[in-house]
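Student:
Written out as structure tokens, the structure is:
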């Protein structure tokens, strides 16, 4: 990880330097998903690997910017969760990658677009970095801010790798955001669970194949699998307390490859989402029991495997209430509506290590009739109007937690208006504090 000490920055660094479509340029060049396959065994990818669309990438390549070179004082960290990878091998189109259908000049130039707004997150934290660095001399003594740019948020998971590499050393609190199709100028946040734990399950049913015209000679894995799918729908409603929140979804069913033959096996897979680790164990035990007993009743056997994904994102109450109050003081709409989400997010590992808060930045504008803000849509377009809002919220957190004023209310208002003019006029502007 590379640190950028304040001594090496330009003393006249503008607190806002925005080029036309700067965030869109990040999107065009870097919008791609990191592969979940194994990285090259060699220290550096060969030229052939760099040109090979099947070459894979691991979850390395994150970077850190700090206002202090030593990184030995209390720190607050503001992550920009990003799928951008800086490794020397290309990431192939991975499961979940989207074929982008965007007729704007910011369409991704790489073959796999993630369509989740991480380019917008990058711009928000880069803008915040520029603001804070030029006023770092106003931070209290023995404090500094660390900005984390993390790869592979949605697979294979870059947060844990960056934590292992020391990203949270000497950090006191950690804050992060994600854009969401909530109303523009709103912050959605709550204490407690805000995003779920993910568990994937894989079921293989073993039967005896036969020709379709002679079903009496087979043990039909498709029939057993169909009953398993139905049985799994009872796990949440009959095996859990009504007070527990969970989802069990079968998302794939594969069997056979011809119309006149009953196959010898069937494959099922799906996802489990919970907010409590003990509930996850209860579900896994019940799924296994249902699969084995159901298959046995049809003369088949089965194997069941689980793959634990990210832990649930749990917001501490004190820090979350602080963020809510800061946003309200900015006259933003603060809401818990739509939370918690059943989606998963590896920011959970940051919050397992440190206090902090994870919140959602609204991007849905009333004027968005021709724009899609829904995440992972192949028509998704990040709303640039949310950029100054995200910057100001993070800046508000910094000023409140460090009990210092880096920018006056007038400066922040001027910054907001200037950003709005940029978005309207599409002209680059540079502002100095």
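In this note's numbering, the protein residues as written are 608 to 1040.
A virtual CB, placed ideally from N, CA and C, is assigned to each residue, including glycine.
For clarity, every value in this text was computed on a predicted model and none was experimentally measured.
1) What span of residues does the alpha helix (DSSP H) with residue 780 cover, start to end?
2) Is it the case that the stretch 893–904 contacts the stretch 791–805, given that we only count it when at least three CB pairs across the two stretches are under 8 Å?
3) Let's see if you can read the secondary structure: which residues bound the alpha helix (DSSP H) around residue 902?
4) Touch check for the stretch 870–887 and the stretch 852–859: three-plus C-beta pairs under 8 Å?
5) From this set, 864, 796 and 802, which residue's C-alpha is nearest residue 931's C-alpha?
6) Would you mind sorting residue 840 into buried or exposed? The rule is 16 or more other CB atoms within 10 Å of its CB.
7) Could you name the residues of the same chain whose beta carbon sits closer than 6 Å to that of residue 963, not counting the 5 residues immediately before and after it, in chain order?
8) Quick check: the stretch 812–826 against the stretch 939–953, are at least 3 beta-carbon pairs closer than 8 Å?
9) Closest to residue 802 by C-alpha separation, out of 957, 922, 824 and 861, would be which residue?
10) Starting from the C-beta of residue 1027, find all residues in its chain whose C-beta is less than 8 Å away, skip the five residues before and the five after it, and write them out in chain order.
11) When the distance is taken between beta carbons, is residue 1022 closer than 8 Å to residue 785?
12) Tell me the rounded alpha-carbon separation between residue 876 and residue 953.
13) Buried or exposed for residue 1015, going by 16 or more other Cβ atoms inside 10 Å?
14) What residue range does the beta strand (DSSP E) around residue 961 cover?
15) What do you get for residue 728, buried or exposed, if any count of 16 or more other CB atoms within 10 angstroms of its CB means buried?
16) Among residues of its own chain, excluding the 5 on either side of residue 800, which ones have a beta-carbon nearer than 6 Å to its beta-carbon?
17) According to DSSP, is residue 642 helix, strand or coil?
18) Which term fits residue 745, buried or exposed, when burial requires 16 or more other beta carbons within 10 angstroms of its beta carbon?
19) Excluding sequence positions up to five away, which residues of its chain have a Cβ less than 6 Å from the Cβ of residue 914?
20) Which word fits residue 654, buried or exposed, when buried means at least 16 other C-beta atoms lie within 10 angstroms of its C-beta?
21) Please list, in chain order, all residues of the same chain as residue 1009 whose beta carbon is under 8 Å from its beta carbon, the five residues on each side excluded.
22) Does the Cβ of residue 955 have 16 or more other Cβ atoms within 10 Å, making it buried, or fewer, making it exposed?
23) Residue 878: which of 724, 863, 912 and 899 sits nearest, CA to CA?
24) Go to residue 1001, then tell me how far its alpha helix (DSSP H) extends in each direction, as first and last residue.
25) Per DSSP, what are the beta-bridge partners of residue 861 in this structure?
26) Under the DSSP definition of a beta bridge, which residues are partnered with residue 942?
27) Measure from the alpha carbon of residue 831 to the alpha carbon of each residue in 778, 873, 867 and 893, then state which is nearest.
28) What residues match up with residue 968 in a beta bridge as DSSP calls it?
29) In terms of residue numbering, what span does the beta strand (DSSP E) encompassing residue 910 cover?
30) With distances taken Cα to Cα, identify the nearest neighbour of residue 869 among 888, 909, 732 and 816.
31) Report the rounded CA-to-CA distance for residue 604 versus residue 861, giving the unit in angstroms.
32) Closest to residue 857 by CA distance: which of 867, 828, 863 and 809 is it?
33) Under the rule that 16 or more other beta-carbon atoms within 10 Å means buried, what is residue 704, buried or exposed?
34) Taking its Cβ as the centre, do 16 or more other Cβ atoms sit within 10 Å of residue 776, making it buried, or is it exposed?
35) What is the rounded straight-line gap between the Cα of residue 933 and the Cα of residue 1002?
36) Looking at the secondary structure, which residues open and close the beta strand (DSSP E) in which residue 770 lies?
Tutor: Taking the geometry as given:
1) Run containing residue 780: none in the alpha helix (DSSP H); it sits in the beta strand (DSSP E), 778–790.
2) no
3) Per DSSP, residue 902 belongs to the alpha helix (DSSP H) from 884–904.
4) At 8 Å Cβ cutoff, the stretches touch.
5) 796
6) Exposed, by the Cβ-count rule.
7) 780, 781, 782 and 926
8) no
9) 922
10) 992 and 995
11) no
12) 22 Å
13) exposed
14) Per DSSP, residue 961 belongs to no beta strand (DSSP E) and is neither H nor E.
15) buried
16) 882, 919, 921 and 947
17) With a pLDDT of only 37 at residue 642, under 50, the local geometry of the prediction cannot be trusted, and the value read off the model is given with reservation. Coil at residue 642, not helix or strand.
18) exposed
19) Beyond the five residues adjoining it in sequence on each side, residue 914 comes within less than 6 Å, by CB distance, of 807 in the same chain, given in chain order.
20) Confidence in residue 654 is poor, its pLDDT being 36 and thus under 50, which makes the residue's placement unreliable; the coordinate value appears in the next sentence. Residue 654 should be labelled exposed.
21) 683, 746, 747 and 750
22) buried
23) Checked all of 724, 863, 912 and 899; the closest Cα to residue 878 is 912.
24) 994–1009
25) 874
26) 795
27) 873
28) Answer is 786 and 794.
29) Looking at the DSSP string, the run of the beta strand (DSSP E) that includes residue 910 is 908–915.
30) 816
31) Nothing can be reported for residue 604: it is not among the residues displayed for the chain, which extend from 608 to 1040.
32) 809
33) At residue 704 the pLDDT is 49, less than 50, meaning the model places this residue with poor confidence and gives no usable figure here.
34) Burial state of residue 776 is exposed, judged by a 10 Å Cβ sphere holding fewer than 16 other Cβ atoms.
35) Approximately 10 Å between the Cα atoms of the pair.
36) That residue, residue 770, is in no beta strand (DSSP E); its alpha helix (DSSP H) goes 765–771.
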